[in-house]
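For reference, the structure discussed in these notes is given below.
Residue numbers (this note's numbering): 48 to 989.
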């Protein structure tokens with residue numbers, strides 16, 4: 048089973064791609080110390096100093112031993128691929144350094160520098176730098192970690208600059224520029240980096256910009272440091288001034304396509320190519336030139352933006368080009384609809400867009416940083432060196448796009464927007480392609496492809512009128528064509544009269560940049576629909592999110608699902624709706640705007656009922672899915688859904704998680720909808736239903752935002768219990784993201800509110816939350832106090848889940864504090880609960896802990912009995928490592944009760960197994976057996 052470790056980013060361990068639970072930040076920091084020193088012994092004193100510095104607590108070593116024990120348990124699944132070995136005076140992590148991203152990075156950099164040839168060095172540098180997913184131990188912080196972090200940043204910078212040297216020698220100066228400009232923002236005074244930028248600009252035919260960059264650096268060095276540029280940079284400046292022929296670029300050498308990990312499928316997220324795409328030959332050629340995809344062009348991949356008004360065909364052109372260039376992107380295609388001008392919602396936040404890209408790339412949720420900057424860094428690392436297309440559709444402005452740009456020149460970025468994005472052109476060299484309307488000939492060709500030559504030729508005057516009202520907008524032509532195609536017996540002249548009539552009665556659709564009478568076009572198609580389908584279109588204008596499922600449409604309209612599907616097919620045939628994936632539909636934002644306008648003509652009560660049915664669907668379906676993700680959570684009673692709501696059912700946890708993942712943007716939109724219309728109960732209930740998903744997938748920002756909305760809703764409702772629940776949710780997400788002071792504040796607010804409301808179970812939950820905060824702060828005694836208060840309530844209210852969690856916490860806390868008598872009590876109760884639940888592994892651990900407590904209390908006969916029960920269980924499910932550990936404990940108790948022969952027998956058996964599976968505990972067992980031999984038969988030191 049391949050195991051991988053990461054410290055270049057968040058500390059993580061992965062077995063066959065699955066994240067292992069390494070515990071809290073301080074425990075992960077201990078693993079980081081061992082990973083940095085892989086296969087080398089680190090003394091206990093060194094580890095303590097690296098974790099706690101000069102402020103080590105009194106029981107630091109005891110706490111460290113506990114961390115080591117739990118880390119061993121977490122890594123046990125990896126078998127002998129990695130194990131924490133106890134060495135004389137310290138510990139060592141026995142693992143192949145190639146399995147640790149830090150050591151892999153250093154080895155690849157060393158290979159690259161020894162390669163000699165830049166064509167060999169460049170891909171090795173790419174692989175090395177691809178190991179980075181963020182700052183060293185990103186979510187951990189000690190003085191030692193900070194020091195190592197700074198040193199590693201310098202190692203990374205040196206590798207980036209060495210890679211730049213290789214790329215320049217290979218003539219890849221153009222594709223290097225984007226990365227260099229991003230790096231200079233972090234290292235504005237680095238002269239070697241400035242030299243790379245100047246040379247790359249010069250070789251790209253931008254000598255004036257190269258000289259300007261030098262002058263800017265010269266001024267900044269003088270102002271901030273009082274020095275001039277060094278001799279090498281001054282010499283490069285002089286050579287650029289004199290157009291030294293030796294600076295001429297070598298012939299470009301294309302970068303090889305990197306090998307792809309088989310762990311995740313290649314992302315292929317492009318929507319389907321547009322049907323009946325017409326014209327735009329000149330624009331397609333321009334894109335080919337901009338993006339290096341023209342005939343015979345094998346140069347660097349670049350970035351381009353297609354700009355123009357709504358309905359002009361920007362997305363169609365982007366998809367047409369992308370689908371014809373798929374072989375250029377063997378590592379996949381990413382697509383994000385940024386919804387920059389969606390009339391029903393705000394543009395997609397940068398944080399949500401980046402998280403969507405990380406999910407598309409198969410990033411493990413456990414390895415995703417909680418902050419946007421860290422997520423952006425992880426995204427850039429995952430795409431580094433890959434030949435990927437990133438299509439950012441419908442961008443609002445440059446600020447929305449900039450954080451989504453990859454840092455690797457191997458990627459291609461294509462953007463569409465109604466704005467010109469001049470900021471990106473200036474800062475990132477994005478080439479802009481302004482899209483105009485279709486020519487009259489192209490619009491006629493598009494209409495002909497829909498209706499056929501004969502029908503178009505038969506009514507030239509009507510065709511002229513229709514095309515005149517479409518104004519060259521492909522969206523308008525397609526909608527009118529769909530209307531005509533659906534009614535082959537309808538004369539085009541009759542359709543033209545309808546459009547002219549609508550145009551005289553209605554103003555042009557006010558989008559600020561639409562050149563056609565779109566409202567007239569939409570009105571004509573709308574009035575041609577049956578009344579039921581027309582109402583469905585109107586109600587869809589009220590729906591949140593970028594797209595919608597069939598059950599959600601059925602709930603919105605109050606129709607049975609089969610009838611809702613019929614209406615959706617009708618709207619799809621009229622080109623007013625698109626089914627872009629099975630069971631999911633979306634509208635162009637201009638059609639959505641018109642639909643929302645038509646919805647305003649419906650009675651207010653009718654609109655409100657539709658919104659409430661949709662929110663009932665979200666609350667009840669999300670609640671059912673949450674129950675499968677976390678079956679032991681307290682169930683929140685829900686009012687019955689309104690008549691007409693179609694609920695979605697799930698078969699298992701996987702289907703529930705898939706639904707949450709697919710509906711994530713829609714559910715966030717539903718929260719916004721409920722908040723906007725004052726449906727406070729739905730805000731609170733939906734926020735609670737989303738908690739398990741946000742926690743499961745690591746959507747920390749969404750979790751915090753939802754709980755904040757829930758808190759405000761509960762305050763407006765005047766419900767202290769719901770306020771407490773929201774505070775508890777905020778406490779959990781803040782503690783999870785190491786904002787411990789905020790976590791403590793919210794858990795305390797929850798405790799106070801539950802206490803004032805007379806809700807003891809809520810008080811217990813809040814106490815357990817406060818205990819969690821104190822554990823993370825290494826304040827074990829205070830943690831124990833709150834855990835005891837929680838356990839008391841759980842016992843009194845017969846709450847088995849809370850009781851089991853608190854018993855586990857209490858046993859561990861007392862063990863850390865050396866209070867074995869108390870540990871004894873909790874272990875006994877834990878055994879009873881585990882037996883009732885059938886958790887045999889947990890029961891074996893509880894018996895072993897119970898024996899450990901008896902042993903330290905001098906009750907050696909009882910300890911032997913407990914260890915024997917544990918031994919029976921570990922043998923039952925084949926845990927040989929556990930068997931060695933229990934046999935070792937059993938021998939200790941035999942020795943302590945004056946039974947040396949029995950002790951010798953079990954130790955010999957433990958040693959035999961330990962040698963067979965190469966456990967580090969073999970050395971300790973040999974020491975015990977050696978002492979037994981020295982003392983002779985029947986004697987044993989105790």
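From the three backbone atoms N, C-alpha and C, an ideal C-beta is built for every residue, glycine too.
{"Item": "Rounded straight-line distance, which links the Cα of residue 451 to that of residue 419", "Value": "11 Å"}
{"Item": "Check whether residue 239 and residue 746 have beta carbons under 9 Å apart", "Value": "no"}
{"Item": "Beta carbon of residue 70 nearer than 9 Å to that of residue 121", "Value": "yes"}
{"Item": "Exposure of residue 534, with buried meaning 16 or more beta-carbon neighbours within 10 Å", "Value": "exposed"}
{"Item": "Residue 975 classed as buried or exposed, judged by whether at least 16 other C-beta atoms fall within 10 angstroms", "Value": "buried"}
{"Item": "Distance between beta carbons of residue 811 and residue 840, contact taken as under 8 Å", "Value": "4 Å"}
{"Item": "Nearest-angstrom Cα separation, counted from residue 492 out to residue 682", "Value": "59 Å"}
{"Item": "Alpha-carbon spacing of residue 958 relative to residue 972, whole angstroms", "Value": "6 Å"}
{"Item": "Inter-residue CB distance, residue 757 and residue 721 (contact presumed, cutoff 8 Å)", "Value": "Incorrect: roughly 10 Å between the Cβ atoms, too far for contact."}
{"Item": "Span of the alpha helix (DSSP H) around residue 80", "Value": "72-83"}
{"Item": "Supposed close pair residue 590, residue 693 - CB separation, criterion 8 Å", "Value": "With 8 Å as the limit, residue 590 and residue 693 do not qualify as a contact, their Cβ atoms being about 14 Å apart."}
{"Item": "Buried or exposed by the 16-neighbour rule on C-beta atoms within 10 Å, applied to residue 905", "Value": "exposed"}
{"Item": "Chain-order list of residues whose beta-carbon lies under 7 Å from that of residue 649 (same chain, five-residue window excluded)", "Value": "585"}
{"Item": "Own chain partners of residue 256 with C-beta closer than 6 Å, once the 5 adjacent residues on each side are dropped", "Value": "248"}
{"Item": "contact_flag[the segment 855-862, the segment 823-835] where n(CB pairs < 8 Å) is 3 or more", "Value": "yes"}
{"Item": "Segments assigned alpha helix (DSSP H), at least 4 residues, entirely inside the segment 598-661", "Value": "608-620, 636-646"}
{"Item": "C-beta contact flag for residue 316 and residue 379 at 9 Å", "Value": "yes"}
{"Item": "Proximity of residue 258 and residue 276 at Cβ, strictly below 9 Å", "Value": "no"}
{"Item": "Cβ contact check for the segment 55-62 and the segment 177-186: 3 or more pairs under 8 Å", "Value": "yes"}
{"Item": "Three-state class that DSSP yields for residue 428 in the structure shown", "Value": "helix"}
{"Item": "In DSSP terms, what residue 350 is bridged to", "Value": "460"}
{"Item": "Cutoff 6 Å; reference residue 773; Cβ partners in own chain excluding five residues on either side", "Value": "754, 757, 758, 761"}
{"Item": "CB of residue 596 within 9 Å of CB of residue 713, strictly", "Value": "yes"}
{"Item": "Close-in-space but distant-in-sequence residues of the same chain around residue 138 (CB under 8 Å, 5 per side omitted)", "Value": "81, 88, 89, 91, 94, 115, 131, 132"}
{"Item": "Simplified DSSP assignment, three categories, for residue 52", "Value": "strand"}
{"Item": "Within 9 Å, strictly: CB atoms of residue 283 and residue 223", "Value": "no"}
{"Item": "Contacting residues, own chain, Cβ-Cβ under 8 Å from residue 144 (five flanking each side not counted)", "Value": "85, 86, 150, 151, 154"}
{"Item": "Inter-residue spacing [alpha-carbon to alpha-carbon] between residue 170 and residue 783", "Value": "38 Å"}
{"Item": "Given 8 Å, three or more beta-carbon pairs between the segment 788-801 and the segment 813-826", "Value": "yes"}
{"Item": "Contact the segment 450-470 vs the segment 356-366: 3+ CB pairs below 8 Å", "Value": "yes"}
{"Item": "DSSP three-state assignment for residue 772, whether helix, strand or coil", "Value": "helix"}
{"Item": "Limits of the beta strand (DSSP E) - the one that residue 129 falls within", "Value": "129-134"}
{"Item": "Where residue 105 falls, given that 16 or more other Cβ within 10 Å makes a residue buried", "Value": "exposed"}
{"Item": "Three-state secondary structure (DSSP) of residue 59", "Value": "strand"}
{"Item": "Buried/exposed call for residue 763, threshold 16 Cβ in 10 Å", "Value": "exposed"}
{"Item": "Beta carbon of residue 483 nearer than 9 Å to that of residue 359", "Value": "yes"}
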